[in-house]
Amino acid sequence: MDDIAGHPPDDPDFALAAHAEYSIWTLQCWEDVTVAAMDEMQDSFTVVKAAREGTPRLVSLALPGRTPINTPHYLANTSRGVVPHLTQDNLSSSTSIAGIYASLEDS
Numbered sequence: 847m848d849d850i851a852g853h854p855p856d857d858p859d860f861a862l863a864a865h866a867e868y869s870i871w872t873l874q875c876w877e878d879v880t881v882a883a884m885d886e887m888q889d890s891f892t893v894v895k896a897a898r899e900g901t902p903r904l905v906s907l908a909l910p911g912r913t914p915i916n917t918p919h920y921l922a923n924t925s926r927g928v929v930p931h932l933t934q935d936n937l938s939s940s941t942s943i944a945g946i947y948a949s950l951e952d953s
């Protein structure tokens with residue numbers, strides 16, 4: 847079988863790249879993640895305050911080029927890229943949700 851999205855068949859990410867919906871995303875991720883970016887990301891997860899047993903940990907996740915997310919934080923689950931029961935204007939004006947979880951599905 848030929849390379850797909852730059853991944854040879856023996857590459858662990860070959861199956862992910864084989865899906866047409868994922869190939870562009872995978873290729874973009876490979877281009878975006880460089881050794882320098884990985885080194886920079888090591889300093890992006892900072893423990894703000896150590897948690898005692900039974901309490902949430904306070905952490906700041908700061909990725910290059912993104913707004914930092916302080917935890918605990920809610921990431922909204924989506925259904926086909928949409929947060930159920932919330933329109934985009936209500937999501938941005940009425941919540942402080944800074945991110946979403948969007949699963950990539952077969953169409």
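Numbering (our numbering), first residue to last: 847 to 953.
Just so it is clear, CB atoms sit at the ideal spot from N, CA and C, and this is done for glycine as well.
The ligand GDP and residue i: does any heavy atom of the ligand fall closer than 7 Å to the residue's C-beta?
{"i": "His931", "result": "No copy of the ligand GDP occurs in the structure displayed, which carries no ligand at all."}
Check this for me: beta carbons of residue i and residue j, under 8 Å apart or not?
{"i": "Val929", "j": "Leu937", "result": "yes"}
{"i": "Thr917", "j": "Arg903", "result": "yes"}
Under the three-state reduction of DSSP, which class applies to residue i: helix, strand or coil?
{"i": "Leu904", "result": "strand"}
{"i": "Ser925", "result": "strand"}
Comparing alpha-carbon positions, which option in the options lies nearest residue i?
{"i": "Ala948", "options": "Ser940, Gly900, Asn923", "result": "Asn923"}
{"i": "Gly945", "options": "Val905, Ile915, Leu909", "result": "Ile915"}
{"i": "Ile943", "options": "Thr901, His919, Pro910", "result": "His919"}
{"i": "Ser925", "options": "Glu899, Leu950, Arg898", "result": "Leu950"}
Tell me the rounded alpha-carbon separation between residue i and residue j.
{"i": "Asp935", "j": "Thr941", "result": "10 Å"}
{"i": "His931", "j": "Ser939", "result": "14 Å"}
{"i": "Thr933", "j": "Gly911", "result": "26 Å"}
Please return the same chain residues whose Cβ sits closer than 7 Å to the Cβ of residue i, not counting the five positions on each side in sequence.
{"i": "Gly927", "result": "Ala948"}
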